[in-house]
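Everything on this sheet refers to the single structure shown next.
Residue numbers (the working numbering): 2 to 335.
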């Protein structure tokens, strides 16, 4: 039996400060070694590329909350599952915090912020575990803490990985509505592993959508040597921009991931996305009054859409043609 030496349980029910729940480094490491590795990673210990001479690959799926990372990751996993990649998501590790269950019962709104610091550390440790064994990796990131993203991607690149990045270009109205739909429909995106169903706070969505979130990640991709291949992709896996490095290590096209991401957020919704948007709006409207947890309101969503359609109409000649993402060709070269 594993016993965790932590005294945080004594104040879990009383403290309202998330930082009070941050674990000592020794305890954090012990939980990773004795629980997370055994339950989440141990089955991958012999599938890496330590001796076969194959260059390992890591695929980052990057997008604000509600953008649709889970669905894109599922599509990716369906194609690359033969690689037996480690699928890393920070939210999955929150339930390993020894106070998590108590916080959920006594102050559920604190469950995520109180455990996120340790979960981020465990994601970093899981990445290092995979790197040491040259295991292929699929990693989802909302880039709420862009410094974590830049550190992780740089670590994989320094370790000799082929680094693929999918930046999700999803307008605010779609991702904001997405956070509501996934809550009401009890979709997996709203409930990682054993994490209770939750509505993403409006503040968290904004932090991942704005300049300090995914836009900072795109800027880093453009101006560093960390990524070897990048696509800017809308929902439905439609690619607006792709770049990769040539034999000289330089981008073969102008480094414009940030510009492409910014531009795609102003594109009027294509017919399929607009139809889905209207259906989702109607669905959420029907749910109003059934729950009081929604912080993002339909008026926010509708205002964002109005601004998008107005702005995009004036820029229609600037948008590139969209093409389907061929995952097999992109990741596997098949």
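All residues carry an ideal CB built from backbone N, CA and C; glycine is no exception.
- Per the Cβ contact rule, the segment 120-132 is in contact with the segment 149-159 (3 or more Cβ pairs under 8 Å).
- In the DSSP assignment, the residues bridged to residue 142 are 63.
- In the DSSP assignment, residue 244 falls within the beta strand (DSSP E) that extends over 239-245.
- Spanning the alpha carbons of residue 242 and residue 74 requires a straight line of approximately 19 Å.
- For residue 309 and residue 219, the gap between their C-alpha atoms comes out near 21 Å.
- Around the CB of residue 98, 16 or more other CB atoms lie within 10 Å, so the residue is classed as buried.
- For residue 167, the enclosing beta strand (DSSP E) begins and ends at 163-169.
- Cα atoms of residue 100 and residue 306: separation of roughly 40 Å, rounded to the nearest angstrom.
- For residue 85, the number of other beta carbons within 10 angstroms of its own is below 16, and it is reported as exposed.
- Inclusion of residue 244 and residue 253 in the CB contact set at 8 Å is warranted, their separation being smaller than that value.
- Nearest to residue 50 by C-alpha distance, out of 138, 215 and 283, is 138.
- Here residue 17 carries a coil assignment [DSSP, helix/strand/coil].
- Residue pairing of residue 235 in beta bridges, as defined by DSSP: 239.
- Residue 223 and residue 259 do touch by the CB rule: their CB atoms are close to 5 Å apart, below 8 Å.
- In the DSSP assignment, residue 325 is bridged to 239.
- With three or more CB-CB distances shorter than 8 Å, the segment 63-72 counts as touching the segment 173-181.
- Here the C-alpha atom of residue 329 lies approximately 18 Å from the C-alpha atom of residue 246.
- Rounded to the nearest whole angstrom, the CA to CA distance from residue 212 to residue 141 is 19 Å.
- When rounded, the separation of the alpha-carbon atoms in residue 214 and residue 146 is 7 Å.
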